[in-house]
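Protein chains in written order, with this note's numbering: chain A, 454 to 939; chain B, 1361 to 1836. The next block holds one structure in the form of structure tokens; read it before the comments.
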């Protein structure tokens, strides 16, 4: 049961083999039994979940069920959900209960999905290992001594450990794809503007995009069908026709041109990861795709550019956490400045503070042109590289991460090493493109490796087609972490 | 030393939209604290701004009204600073690419017309309010005003006296109401001015160091504060000191400006384009539609008054300084059946003096346009002399009725009977032999004195032209 994908569970629900309430209780019990060791959830609310499950069962009984009706899910704790604590993994919001639903939460609620809980994450989505959470690190189900990746590490670990069939995440620099890769799950980051950011607490507004985790490309397509779509409350939401992301899943890959960026296959890539990714690309060729070499010449600049733009936006976005209206306020202070200083110093963790400082610095008078403006220029070059590459290919394929999951604590004291973890994912965010990660093998220590598929703007359906066709031919996505299969 | 004062104004006009610039909350004034602040206004985690097109439309109206350039693409930027009544920790404003650039505004001071150039006008949101009383050592925060749309209108340093600055502020105040983008209520803070003031030796090209004066919520304070500040700077320099660039606060109780913060303590606002908002794209068709929806603008009306009515440009500018005065004038002309010059003289003369005295706008004048027109007609057809007409005007203002009735009741009808005037002339000549001798000895002034005596003897009712002619004939 716990190994089932969404369509498989959906069929069971429709055929009354199981009710949503029973399914939800099974998952809640599994969370209660296993999450103590993983720490994937910050909040689980059985009462709310069961109420939603019963409503879903009634809807199924009325014959009004959609593909997600009655399916248990989890939200990354960055999405506001009315009546739920929404902590963002931070002491700053440790007790903050959201009074409204994010667009994504609303959409999945409308689809009939059952919210079991809110997942752990790097504080305010800043991190690549989930070690930056006020609620403690998340453990990788494949090896509890290792990180699950981040920042959506809780969602990734929860899906990998079969604690929930699917979960939402957000991806600002790789925060969905990297943990998906490190936990052997599937994760999609949609085109910037495809999923409304309303109610998704902002880290770096021009890069943030909500997405999903599941066990298959089809799971992702179904999640996307519910989550994506225009929302007038987000000015950067793109107004376009609703689409069916599953429409092309069944189409064969013959004639598809897969671009392989030469900059993605260098010495930076661990040999075990390289061989898994290369094997996956060979599989795509067997399925009828043609590969072409493409170049992303400004690739090497992506990480430094990202670490100017993202902190700059974060430094401003996080200014609202001042202890005045909500969130953490220091117990005692001498004056206004002291209240700000203490509340923020106590409320924010080290990495968040580091990025606020960096962001404040690069926006400062006299540095703005040299850093922020220059970074924006390079960002345009990076986007142009992709546009150029997509002239000769339909999708781009490559690694998600330079290596398999690393031990907890290994990179915690070296931020630059940590930042380089996102070397292959960050360029996609800078360009605003969609990208996904699907499991494509087991590398060193028997740990999962992900294949990244990058699409052109709003070409998610084609990316999902590639992933689905690959999954029809392989079963890497079916592999559960040792001890978690069921 | 002879000094020249240089003044530029920054004006915040609150735009008259029903909802806020980036949220759906109401902008109505006076609600209980924090009852008009929605999730966006209080900056809850996860909320996003959505631009109110009504605010953009009003900015376009303003740009068109002052002959400015409307940017086809303008950008919202974040101005970052911490303050308890600034919920997001930044104000959304426009920085490098404002929506409106350039334009001019005509003012008249002492009969001299002048065009003040505008630098720019940009859209931004207002902050909330901090309340420092009634909270026992704490401050209260009211976020009802947070997110209210403002148009910040920045002038060039083109004004050279406090009176010019006031004329500019009044012209701007009138214009924003004329085009319906701001209610102009200064008590409620809908129209606020900050003044940049510097002084320099007359003839010098180089601008002096400026101080910005804040908290000027009336035209009177604006004038007094500028006068005080200019004097302060002159004395400072004359005593061998130098002016420090700083922000100063006007203290209406003490009638002085005092230092608030120096340029050195000025914050680094770390402006950058707001990634939550797309650039504002304004298509030419939108500008055309807004232009078509505008009422006749003061500048166009001024041209019409000069071209069609033959008014002096300076009079036309003064008449179009406010919509209520211009409308009043047009109604007088209509009721009088033409004669725009005579009507203009009355509106700019007696009527304006009356309005100033009563401190009211033309639309609440105690003398209605039709009543004034009735009087103008009687002046033009010779029923009353100019002098008597002023008395009639005051009587109308005092509520005694219409011109004709007052003329009859008070017996102010002009004497045009030549026999009656001749008798008065004879009386005057007999009573003033010295003046007659003086006149005959070549003193022209004596003639005027004699005319004056005839008018006086007639209690101002003699037709002055006839009295003149008869007197001239008698004196040979």
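We put the beta carbon where it would ideally sit given N, CA and C, even for glycine.
Checklist entry - Looking only at its own chain, which residues have a Cβ that is under 6 Å from the Cβ of residue 1795 of chain B, when we skip the five neighbours before and after it? => result Cβ contact annotation for residue 1795 of chain B (same chain, cutoff 6 Å, sequence separation greater than five): 1806, 1809, 1810, in chain order.
Checklist entry - To which residues does DSSP link residue 639 of chain A through a beta bridge? => result A/667
Next on the checklist: Taking only three categories from DSSP, how would you classify residue 1410 of chain B?
Outcome noted: coil
Checklist entry - Who does residue 1491 of chain B pair with in a DSSP beta bridge? => result B/1500
Checklist entry - Excluding five sequence neighbours on each side, which residues of the same chain lie with their C-beta closer than 7 Å to the C-beta of residue 1775 of chain B? => result 1781, 1818, 1821, 1822, 1823
Checklist entry - Excluding five sequence neighbours on each side, which residues of the same chain lie with their C-beta closer than 7 Å to the C-beta of residue 816 of chain A? => result 765, 768, 825
Checklist entry - Tell me which same chain residues have a C-beta within less than 7 Å of the C-beta of residue 1542 of chain B, skipping the five on either side of it? => result Non-local beta-carbon contacts of residue 1542 of chain B in its own chain, meaning distances under 7 Å to residues more than five positions away in sequence, involve 1373, 1374, 1375, 1376, 1536, 1550, 1551 in chain order.
Item to check | Nearest residue (CA-CA) to residue 1426 of chain B, options B/1462, B/1413, B/1494, B/1393 | outcome: B/1462
Checklist entry - Using a C-beta cutoff of 8 Å, does residue 1450 of chain B count as contacting chain A? => result At least one chain A Cβ lies under 8 Å of residue 1450 of chain B.
Item to check | Of the residues B/1697, B/1815, B/1570, the one placed nearest residue 1669 of chain B, counting alpha carbons only | outcome: B/1697
Checklist entry - Between the stretch 623 to 648 of chain A and chain B, which residues of the former have CB atoms less than 8 Å from a CB of the latter, in chain order? => result Result list empty, no residue passes.
Checklist entry - Do residue 612 of chain A and residue 667 of chain A come within 8 Å of each other at the CB atom, strictly closer than that value? => result Yes, Cβ-Cβ distance for residue 667 of chain A and residue 612 of chain A is below 8 Å.
Next on the checklist: By the three-class DSSP mapping on this structure, what secondary structure does residue 1631 of chain B have?
Outcome noted: coil
Checklist entry - When the distance is taken between beta carbons, is residue 1735 of chain B closer than 8 Å to residue 1355 of chain B? => result Residue numbering for chain B in the displayed model covers 1361 to 1836; residue 1355 of chain B lies beyond these limits and cannot be assessed.
Checklist entry - Are the Cβ atoms of residue 594 of chain A and residue 892 of chain A separated by less than 8 Å? => result Cβ atoms of residue 594 of chain A and residue 892 of chain A: not closer than 8 Å.
Next on the checklist: Please report whether the beta-carbon of residue 1403 of chain B lies at a distance below 8 Å from any beta-carbon of chain A.
Outcome noted: For residue 1403 of chain B, the nearest CB of chain A lies under 8 Å from its own CB, placing it at the interface with that chain.
Item to check | Continuous beta strand (DSSP E) stretch holding residue 1560 of chain B: start and end | outcome: 1551 to 1561
Next on the checklist: Going by C-alpha to C-alpha distance, which of B/1786, B/1753, B/1778 sits closest to residue 1770 of chain B?
Outcome noted: Measuring from the Cα of residue 1770 of chain B, the nearest candidate turns out to be B/1753.
Checklist entry - Would DSSP call residue 909 of chain A helix, strand or coil? => result coil
Next on the checklist: Taking the beta carbon of residue 1613 of chain B as the centre, do at least 16 other beta carbons fall within 10 Å, making it buried, or is it exposed?
Outcome noted: exposed
Item to check | Near-chain B residues of the stretch 748 to 778 of chain A (beta-carbon distance less than 7 Å), N- to C-terminal order | outcome: 765, 766, 769, 772, 773, 775, 777, 778
Checklist entry - Do residue 1432 of chain B and residue 1642 of chain B come within 8 Å of each other at the CB atom, strictly closer than that value? => result yes
Checklist entry - Is the distance from the Cβ of residue 642 of chain A to the Cβ of residue 689 of chain A below 8 Å? => result no
Next on the checklist: Just to make sure I have the definition right: I need the residues of chain A whose C-beta is within less than 9 Å of the C-beta of residue 1410 of chain B. Which are they?
Outcome noted: 685, 686, 687, 688
Next on the checklist: Once DSSP output is grouped into helix, strand and coil, what is the label at residue 854 of chain A?
Outcome noted: Coil, per DSSP.
Next on the checklist: Quick check: residue 629 of chain A and residue 637 of chain A, are their CB atoms within less than 8 Å of each other?
Outcome noted: no
Item to check | For residue 805 of chain A, the first and last residue of its enclosing alpha helix (DSSP H) | outcome: For residue 805 of chain A, the enclosing alpha helix (DSSP H) covers residues 803 to 816.
Checklist entry - Taking contact to mean at least 3 C-beta pairs separated by less than 8 Å, is the stretch 858 to 869 of chain A in contact with the stretch 906 to 917 of chain A? => result With a cut-off of 8 Å, the stretch 906 to 917 of chain A and the stretch 858 to 869 of chain A do not count as touching, because too few Cβ pairs lie within range.
Checklist entry - Would you call the CB atoms of residue 1506 of chain B and residue 1397 of chain B closer than 8 Å? => result A contact, by the Cβ cut-off of 8 Å.
Checklist entry - Among A/567, A/462, A/881, A/626, which one has its Cα closest to the Cα of residue 505 of chain A? => result A/567
Item to check | Limits of the unbroken beta strand (DSSP E) element including residue 1512 of chain B | outcome: 1509 to 1515
Next on the checklist: Going by beta-carbon coordinates alone, are residue 503 of chain A and residue 477 of chain A separated by less than 8 Å?
Outcome noted: yes
Item to check | Members of the stretch 1592 to 1625 of chain B near chain A, C-beta cut-off 7 Å | outcome: Listed in chain order, the positions of the stretch 1592 to 1625 of chain B with a beta carbon within less than 7 Å of a beta carbon of chain A would be empty, since no residue qualifies.
Item to check | Every unbroken beta strand (DSSP E) within the stretch 658 to 746 of chain A, with a cutoff of 3 residues, ordered by chain | outcome: 663 to 667, 710 to 714
Checklist entry - So, is the C-beta of residue 831 of chain A closer than 8 Å to a C-beta in chain B? => result no
Checklist entry - Using the C-alpha atoms, what's the distance from residue 1637 of chain B back to residue 1430 of chain B? => result Between residue 1430 of chain B and residue 1637 of chain B, the C-alpha separation is close to 19 Å.
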